[in-house]
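The opening residue of the sequence shown carries number 275 in my numbering; numbering runs sequentially from there. Cβ coordinates follow ideal geometry from the N, Cα and C atoms, glycine included.
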Amino acid sequence: MKNLPWYAKLVLALTAFLPLYFMIAAIGSKIGLWSWQVGLGSMTFTAGPILVGIAAIAALIALILGLINWSGRKAEKQDGVKRPRNKAVIVSAVLGLLVPGAFVVFGMSASSTAESNPIYDVSTDTGNPPTFSAEVMAERAETESNQVNDYQVPLSELEAFQSLKNDDGAQSLIIQNHAQIINDIYAELSPLPLAGASKADAVAAVAAAMGSMGFVDIRQDADAGRVEGVAETFWYGFKDDVVARIGENEIDFRSVSRVGRSDLGANAARIAELRGKVAAQIGQR
Numbered sequence: 275m276k277n278l279p280w281y282a283k284l285v286l287a288l289t290a291f292l293p294l295y296f297m298i299a300a301i302g303s304k305i306g307l308w309s310w311q312v313g314l315g316s317m318t319f320t321a322g323p324i325l326v327g328i329a330a331i332a333a334l335i336a337l338i339l340g341l342i343n344w345s346g347r348k349a350e351k352q353d354g355v356k357r358p359r360n361k362a363v364i365v366s367a368v369l370g371l372l373v374p375g376a377f378v379v380f381g382m383s384a385s386s387t388a389e390s391n392p393i394y395d396v397s398t399d400t401g402n403p404p405t406f407s408a409e410v411m412a413e414r415a416e417t418e419s420n421q422v423n424d425y426q427v428p429l430s431e432l433e434a435f436q437s438l439k440n441d442d443g444a445q446s447l448i449i450q451n452h453a454q455i456i457n458d459i460y461a462e463l464s465p466l467p468l469a470g471a472s473k474a475d476a477v478a479a480v481a482a483a484m485g486s487m488g489f490v491d492i493r494q495d496a497d498a499g500r501v502e503g504v505a506e507t508f509w510y511g512f513k514d515d516v517v518a519r520i521g522e523n524e525i526d527f528r529s530v531s532r533v534g535r536s537d538l539g540a541n542a543a544r545i546a547e548l549r550g551k552v553a554a555q556i557g558q559r
């Protein structure tokens with residue numbers, strides 16, 4: 275390491291710095307050092323690609339220099355100083371290209387996932403989705419969270435999707451409403467039949483399942499047949515509100531992100547996991 279030229283050391287330093295930088299951006303948002311707009315928007319999506327580009331360019335230059343000076347011989351002494359193998363320079367440069375490349379692939383994958391999951395509000399009942407309590411709605415209003423949507427209103431009329439009006443590629447999307455999108459994209463989601471389980475047992479089962487999934491602020495209202503909880507992501511600390519409505523014959527679920535236009539599929543995946551855990555407890559599928 276100490277015999278590497280300065281440009282190779284720079285590449286290794288940038289390679290180590292990149293993952294640390296993105297971790298700091300995410301964890302800083304989670305613990306409240308800065309807002310998610312700063313952590314995700316400014317640090318990750320604005321400054322992040324610039325840093326990735328700088329690291330990739332530095333690695334490419336190091337690779338070119340290493341190839342130019344490649345001799346295939348062992349390190350030798352010159353002017354009393356032990357010179358590094360050019361092979362070590364090339365290895366460090368290749369590593370320096372792989373790490374930025376991995377971030378590029380991750381970013382492209384995230385972008386594709388966002389396009390495939392264009393909404394942030396998902397439910398197992400698209401005709402009459404479960405509603406949140408006044409307490410949860412007040413908390414969402416206080417934190418300036420996303421709207422809890424009317425599933426019959428086209429996306430073009432909802433505030434969070436106004437920017438898509440100028441996107442020619444999104445015109446076929448914004449004329450649809452939430453009910454249509456959920457039935458199309460998340461067709462596998464369905465209510466959970468109660469069968470022989472009592473309403474009280476179902477309420478307890480949902481609350482227990484939410485607790486096992488790490489939800490916080492779990493609220494039970496047996497009379498209303500409603501259980502609510504808040505799920506928080508590990509990275510950035512994004513919060514999603516989840517509600518389960520226990521009816522006479524089945525349980526419906528709804529999960530709504532507080533921020534962001536796309537949930538990257540997190541709400542549907544969460545509902546599926548929660549439904550599975552509750553089903554296991556009450557003995558139904």
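| Asked | Found |
| --- | --- |
| For Ala-505 and Gly-470, the rounded distance between their alpha carbons | 29 Å |
| Contiguous beta strand (DSSP E) assignments of at least 3 residues, all confined to the segment 406-437 | none |
| Assumed close pair Pro-428, Ile-449 - CB separation to whole angstroms, cut-off 8 Å | 6 Å |
| Simplified DSSP assignment, three categories, for Leu-250 | In the structure displayed, the chain extends from 275 to 559; residue 250 sits before or after that span and is not available. |
| C-alpha gap between Arg-414 and Ala-476, whole angstroms | 26 Å |
| Cβ neighbours of Ile-364 in the same chain (closer than 6 Å, five flanking residues each side left out) | Gly-340 |
| Range covered by the beta strand (DSSP E) that runs through Glu-506 | 500-506 |
| Sufficient close CB pairs (3 or more, under 8 Å) joining the segment 400-418 to the segment 362-380 | no |
| Nearest-angstrom Cα separation, counted from Asn-423 out to Arg-532 | 12 Å |
| Test item: CB-CB of Val-552 and Ala-479 under 8 Å | yes |
| Rounded distance between the beta-carbons of Ala-329 and Thr-289, thought under 8 Å | 7 Å |
| For Pro-392, three-class secondary structure by DSSP | coil |
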